[in-house]
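Engineer: So in full-length UniProt numbering, the last one in the sequence shown is 142, and the numbering has no gaps at all.
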Amino acid sequence: MEYKHIVVAVDGSEASEKAFKKSLDIAKRNDARLILAHVVDSRTFATAEAYDRTLAERAEEYAKELLDSYVENAKTVGVTDLVRCVEYGSPKVKIAKDIAKDFKADLIICGATGMNAVERFLIGSVSESITRYAKCDVLVVR
Numbered sequence: 001m002e003y004k005h006i007v008v009a010v011d012g013s014e015a016s017e018k019a020f021k022k023s024l025d026i027a028k029r030n031d032a033r034l035i036l037a038h039v040v041d042s043r044t045f046a047t048a049e050a051y052d053r054t055l056a057e058r059a060e061e062y063a064k065e066l067l068d069s070y071v072e073n074a075k076t077v078g079v080t081d082l083v084r085c086v087e088y089g090s091p092k093v094k095i096a097k098d099i100a101k102d103f104k105a106d107l108i109i110c111g112a113t114g115m116n117a118v119e120r121f122l123i124g125s126v127s128e129s130i131t132r133y134a135k136c137d138v139l140v141v142r
């Protein structure tokens, strides 16, 4: 099967860096469009924003800088069909249900999380949620 629209979930973590590198190989091999998706988890700063109004601005600036660096890295290895996507909400929901659908993704690539078994049991991981709700193939990179 050839993949033509690949969503890679990036957040700046080591796990998402590995997923990004894997996505470059797959995008090149399939001559595919690579959608760099970053979801600003607005729930995490909703209550804190009452005390610090610049939180949302800083999160948006971080997302822009992060995606810019990924775009530059992708271009240096020859991947040029790139799309930046910044969304707000829960990464668990946005990536699998909204972003993948909006871009007609046939593959989602994400990093495995470093959560321990207790944390996964209580809140679940983003990668676990993506694999559960995605309508396309999902590659979780360890």
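Where is the CB? At the ideal position from N, CA and C, for every residue including glycine.
Count the CB pairs spanning the segment 96-110 and the segment 12-30 that are closer than 8 angstroms, and state whether there are at least three.
Structural biologist: The segment 96-110, when compared against the segment 12-30, does touch it at the 8 angstroms Cβ threshold.
Engineer: Any contact between the segment 61-76 and the segment 29-39? By contact I mean 3 or more CB pairs, one from each, below 8 angstroms.
Structural biologist: yes
Engineer: Compare the beta carbon distance of Ala59 and Leu34 with 8 angstroms and say whether it is the shorter of the two.
Structural biologist: no
Engineer: When the Cα of Thr76 is compared with those of Asp11, Ile6, Lys21, which residue comes out closest?
Structural biologist: Taking Thr76 as reference, the option from Asp11, Ile6, Lys21 with the minimal CA-CA separation is Lys21.
Engineer: Report back the beta-carbon spacing between Ser16 and Val10 to the nearest angstrom; my notes put them in contact at under 8 angstroms.
Structural biologist: 5 angstroms
Engineer: Are Ala96 and Ala134 touching if we call contact CB-CB under 8 angstroms?
Structural biologist: For Ala96 and Ala134, yes; Cβs fall inside 8 angstroms.
Engineer: Classify Asp25 as helix, strand or coil using the three-state DSSP reduction.
Structural biologist: helix
Engineer: How close, in whole Å, do the beta carbons of Val140 and Ser129 come, if the pair is a contact with beta carbons under 8 angstroms?
Structural biologist: Not quite, the Cβ-Cβ distance comes to about 11 angstroms (not below 8 angstroms), so this is no contact.
Engineer: Out of curiosity, what's the CA-to-CA distance linking Ser13 and Thr113?
Structural biologist: 9 angstroms
Engineer: Relative to the C-alpha of Phe103, which candidate in Ala32, Thr54, Lys18, Glu72 has its C-alpha closest?
Structural biologist: Ala32
Engineer: Look up Val138 in the DSSP assignment and give the residues it is bridged to.
Structural biologist: Ile108
Engineer: Over what stretch of residues does the alpha helix (DSSP H) that includes Ile130 continue unbroken?
Structural biologist: Taken as a continuous stretch (DSSP letters only), the alpha helix (DSSP H) holding Ile130 covers 126-133.
Engineer: State the Cα-Cα distance for the pair Thr80 and Val71, rounded to the nearest angstrom.
Structural biologist: Annotation: Thr80 to Val71 spans about 8 angstroms, alpha carbon to alpha carbon.
Engineer: Quick one: grab the DSSP three-state call for Val71.
Structural biologist: helix
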